[in-house]
Amino acid sequence: MNDPIKFEVIRNALVETTEEMSAALRRSAYSTNIKTRCDYSCALFDRDINVLAQCFAQANHLGSMVRMVPLAIRDYGHENLGPGDTIVMNDPYLGGVHLNDIFVISPIYFEGEIQGYVSNLAHHVDVGGGAPASVGAFSEVFQEGIIIPPVKLAVNGEINRDVFRLILNQIRSKRETAGDFRAQIAANNTGAKRFAHLLERYGVDTVSDYANRLIEYADRLTRDEVAKLPHGEYTAEGVVDNDGFTEDPVKLAVRVAIDDDGILFDFTGCDPERPAPVNSTYSMTYAAAAYVLRCVIDIDVPINAGFYRSVRLIAPEGTVAHCTPPSPVVGGWETHTRIVEVIFKALSRALPERVPAGTKGMICHSGFGGIDPSDGEYYCFLETMGGGYGGRFSSDGPDAVQAHGQNTENAPIEETEMNYPVRIVRYELVDDSEGPGKFRGGLGLRRDYEFLGGETSFTILSDRDRWGPPGLFGGLDGRKASYVVEKDGESRKVGSKVTFKLQPGEIVSYRTCGGGGFRAPEERDPALVLKDVREGKVSLSRARDIYCVAVDVETWTVDKVETARLRKTD
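Under the numbering used here, the final residue of the sequence shown carries the number 634; numbering is consecutive throughout.
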């Protein structure tokens, strides 16, 4: 018997289990990147390792967790996991992503048997390797940091001291990392307890039955949604600007086929993998495809194993969409976001009302570290920058946001300056950076770091400094990004994938790209152009030259006569 009320109660209880894990992780973590920027994700799996629920966090993580967790458990052997055990791993070639993203997985024991699993993934500030924060233009994965196969981080509820010490000895930010690992274990413990309470309340058989129904329900809804999409084959190409070692663009290609069997994402045609930080693991590419599918179907479809059944993928081994050892993977998320852009571009002809113009399309890492003169300890810091989102069918792109599954928050200036020997001297929107259109792209942002004491090693791992995000359907491109080092009034541009040394008083300035515009800029409502001018987002000259809108600077109103002349309308 299917009780619809019980179905909804159990459905929401599963989701809330992962949300409670999320709260426990955020409140317990030490590093700014996890506790403040929320660079983590949590998930709940059944005893057959089918994902039941995921928290509202990083969509790019969630799409990768559904592959990595089953592979890790099968590699380690579920029979080797006892109550209170937790395994840890970050191996990119066992379903993982880049090394900073560390997974912890725990079995859920109830009445003496494994009834499910909880897992969370968190981006650690440092995992060793060739530069602070473990980001840089590396040529092989071994330079990027410690590679952890599935091993026990906790045994019977206690930290496995030998493994813990071995990992921490490879890492610069030991105190933060130790605290973050304990927070990850605590989050899993919270999820396991919450799921056990659900089993105790309703019984193992009932929860299992309704969980299976929920998976089938999501499967059915997803297939119904895909069936509504316009059938056909849609192709597109795009590039990553460069690979960090050469100026050669990295080609990405996709074929999206929608038919009675569902939807297929085929990445045949992507460039071969490179000894450079531009390679996406299979899990990263899978996550990109899953994210796009999620974006173009009904928002109320539950995200569990049933949804993921519809994600079919072809990603040839040995390409930048499915790299093989020992290719570096640190910049894989940068490529992942550009893969999302290429898929959206392919679908723009079929789904113009659901697809944005070009967005920031990069993670935009900032990583730095050195010896803190206040205490003599090594410090590491990492954050990622927002940028402009693309204009859409009926709305502007938001300003200075993360894009495409990257839901991280910004690192507050106060917290950053309090904990690290750095001053944020500018943090603002970049005016005139939007891609003009009927619905304009969002503005990029500027963030300037001034270093106060001791030599600092700084890494930029980013993109978009060669070509800005493209406009769509007549919209214009957003302004490209730039990365600048300043000292004593002089400035020099640096590349988008580079590590360098800084001395006290030097400033690194990020100016991220704006989003592309949607439809022609002269179609934009003059009142919206005026609003942008009054807010300092668009200059008077840009309003006139690009949007064909004249503003009377005495009354700060639209000069309708001159605007009509510029637009050649009645």
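Don't be surprised by glycine CBs; every beta carbon is placed ideally from N, CA and C.
- Here S170 is bridged, per DSSP, to V182.
- Excluding its 5 nearest sequence neighbours in each direction, V406 has C-beta neighbours in its own chain below 8 Å: A300, E301, G302, L316, A317 and V318, listed in chain order.
- By the neighbour-count definition (other C-beta atoms within 10 Å, threshold 16), T332 is an exposed residue.
- Burial is judged here by how many other beta carbons sit within 10 angstroms of a residue's own beta carbon; L145 has at least 16 and is buried.
- Per the DSSP secondary-structure output, H400 pairs with nothing in a beta bridge.
- The three-state secondary structure of Q470, taken from DSSP, is coil.
- Taking C-beta atoms under 8 Å as the contact rule, G581 and G499 qualify, at a distance of about 4 Å.
- Using a 10 angstroms sphere on the CB of L230, the tally of other CB atoms stays under 16, which defines it as exposed.
- Under the three-state reduction of DSSP, R629 is assigned to helix.
- Taking 8 Å as the cut-off, the Cβ atoms of D190 and S198 count as close.
- Residue state for Y140 is assigned as helix, using DSSP reduced to three classes.
- DSSP lists E301 as the beta-bridge partner residues of A317.
- Within the DSSP secondary-structure output, P420 pairs in no beta bridge.
- DSSP places T254 in the uninterrupted alpha helix (DSSP H) bounded by K238 to Y266.
- Taking C-alpha positions only, P485 is separated from I571 by approximately 13 Å.
- According to DSSP, M426 shares a beta bridge with no other residue.
- Less than 8 Å separates the beta-carbon of Q248 from that of A186.
- For E447, the enclosing beta strand (DSSP E) stretches over residues Y442 to T448.
- Rounded to the nearest whole angstrom, the C-alpha separation of L263 and V271 is 6 Å.
- Considering only W620, N184 and I151, the residue with the shortest C-alpha distance to L592 is W620.
- Scanning D149, P585 and E80 for the CA closest to the CA of I610 turns up P585.
- Apart from sequence neighbours up to five positions away, the residues of its chain that approach D541 with a beta-carbon distance below 6 Å are G499, G532, P534, G535 and G580, ordered along the chain.
- Residue pairing of C119 in beta bridges, as defined by DSSP: absent, with no partner found.
- In the same chain as F228, and ignoring 5 residues on each side of it, the C-beta atoms closer than 8 Å to its own belong to L217, A242 and F245, in chain order.
- For D364, there is no enclosing alpha helix (DSSP H), since its DSSP letter is neither H nor E.
- Straight-line spacing of the CA atoms in S95 and H188 works out to 8 Å.
- In terms of Cα proximity to G455, the closest of H125, S412 and Q118 is S412.
- When secondary structure is reduced to three states using DSSP, K551 falls in the strand class.
- Where R91 is concerned, there is no enclosing beta strand (DSSP E), although the alpha helix (DSSP H) around it starts and stops at P68 to S92.
- Distance from T576 to G450 at the Cβ level is roughly 7 Å; contact confirmed, criterion being Cβ atoms closer than 8 Å.
- In the three-state DSSP reduction, A591 falls in the helix class (H, G or I).
- G192 has its alpha-carbon roughly 7 Å from the corresponding atom of E208.
- In the assembly as shown, K595 is an exposed residue. Its beta-carbon has fewer than 16 other beta-carbons within 10 Å.
- Residue pairing by DSSP places R490 opposite D512 in a beta bridge.
- Nearest in C-alpha terms to F432, of all of Q567, G508, C387 and D439, is Q567.
- W397 and G559 have their C-alpha atoms some 18 Å from each other.
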